[in-house]
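Residue numbers (my numbering), protein chains in the order written: chain A, 1 to 114; chain B, 1 to 114. Using N, Cα and C, we set each Cβ at its ideal position, and we do this for glycine too. Encoded as structure tokens, the structure appears first; notes follow it.
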């Protein structure tokens, strides 16, 4: 079964600085999706960015970008120019092409210091 | 932007009672999901639903749980004889057919069993 590991329970960044959140996963599949979700204190799950495994180019969404290393099964999220509103729990998630259940990591709590 | 709507946002129930959590998926979406997040833990898959039947379910989704799409718009999760350990955030999600990257989560229902 696929597993997703986020090795950083908590991270902190200074406002306007850059931070990278780590995620690794375990799978024997070659086709899949990877996601980063943001969960603010309201606990809503907000999609930040997604990556399709067959695409070599790293996904970017404004200040958010990923470093997708398929061979290493690594999918880190880089947040540039951090803002106070970026403070939240961030979950990495894996979705297989072959089934429906999205697998989540344990999350990283990001604090942004003014 | 289309949203997945969940009601209520917070429900308190006594142990042993039945609860129904409601979701209105995005209108042109055909795949529906329920996920659960116990406080401080990772998000866990419960069940997926397509073409008016369950397509996949996890080991968590036992006989205590059931899902229904009673009227073509609502998608409900029923929990019979609630237990203290059922206290969690319950997220509904939906996606378009063929759009594996197009998961949209609702804002969640916080269930508290007392």
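Taking C-beta atoms under 8 Å as the contact rule, residue 79 of chain B and residue 65 of chain B qualify, at a distance of about 6 Å. Ranking B:36, B:72, B:74 and B:50 by CA distance to the CA of residue 61 of chain B puts B:36 first.
The beta carbons of residue 22 of chain A and residue 8 of chain A sit closer together than 9 Å. The continuous beta strand (DSSP E) containing residue 113 of chain A extends over residues 108-113. Per DSSP, the unbroken beta strand (DSSP E) holding residue 23 of chain B starts and ends at 19-24. A distance of 9 Å or more separates the beta carbons of residue 45 of chain B and residue 55 of chain B. Residue 109 of chain B: member of the beta strand (DSSP E) spanning 109-113, first to last residue. Looking at the DSSP output, residue 27 of chain A shares a beta bridge with no other residue. Secondary structure at residue 39 of chain B: coil, using DSSP grouped into helix, strand and coil.
Within chain A, the residues placing a beta-carbon under 9 Å from that of residue 58 of chain B are 101, ordered along the chain. Boundaries of the beta strand (DSSP E) harbouring residue 34 of chain A: 32-39, taken from the DSSP string. According to DSSP, residue 10 of chain B shares a beta bridge with B:110. Residue 110 of chain B is positioned such that its CB atom lies no closer than 9 Å to that of residue 30 of chain B. When Cβ-Cβ separations below 9 Å define contact, residue 45 of chain A makes contact with chain B. Distance from residue 53 of chain A to residue 33 of chain A at the Cβ level is roughly 7 Å; contact confirmed, criterion being Cβ atoms closer than 8 Å. The beta strand (DSSP E) runs of length 3 or more contained entirely in the stretch 61-113 of chain A are, from start to end of the chain, 64-69, 74-79, 88-96 and 108-113. Near chain B, meaning a CB-to-CB distance below 7 Å, the residues of the stretch 63-92 of chain A are 91. By the neighbour-count definition (other C-beta atoms within 10 Å, threshold 16), residue 71 of chain B is an exposed residue.
Straight-line spacing of the CA atoms in residue 57 of chain A and residue 74 of chain A works out to 14 Å. C-alpha of residue 63 of chain A to C-alpha of residue 79 of chain A: approximately 6 Å in a straight line.
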